[in-house]
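Heads up, the thing below is written out as structure tokens.
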Ligand SMILES: [Zn+2]
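So, in structure tokens, the structure goes:
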């Protein structure tokens, strides 16, 4: 889990849980930076773009990588 924003190094972070939907998880899925307003996924650790959600356990993205021939971590 992020302790500071990878972009601006702020520790002013908000943990976000999804209320519903296919990626709902009983815990934090996203970390929002209150200073630069960027969003990061809890598992993938990557910046989330507008409309993008963090797949639970980063599984969806891992599958995409495997299909693209990059292997699974
Ligand atoms: Zn930030």
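Residue numbers (this note's numbering): 526 to 598.
For each residue, glycine too, the CB sits at the ideal point set by N, CA and C.
Given the structure is predicted, the values throughout are model-derived calculations rather than measurements.
Simplified DSSP state of residue i, which is helix, strand or coil
i: residue 581; result: helix
i: residue 546; result: coil
i: residue 559; result: coil
Chain-order list of residues whose beta-carbon lies under 7 Å from that of residue i (same chain, five-residue window excluded)
i: residue 552; result: 542
Cβ neighbour criterion (16 or more within 10 Å) applied to residue i
i: residue 533; result: exposed
Neighbourhood of residue i by C-beta distance below 6 Å, restricted to the same chain and skipping five residues each side
i: residue 598; result: Only weak support is given to the placement of residue 598: the predicted model assigns it a pLDDT of 47, under 50, and the question is left unresolved by the model.
i: residue 583; result: 568, 569
i: residue 596; result: Bear in mind that a pLDDT of 49 at residue 596, under 50, signals an unreliable position, so the model cannot answer this.
Close beta carbons around residue i, own chain, < 8 Å, minus the five adjacent residues each side
i: residue 535; result: 529, 558, 559, 560, 561
i: residue 546; result: 578
Integer Cβ distance of residue i from residue j, believed to fall under 8 Å
i: residue 526; j: residue 567; result: 6 Å
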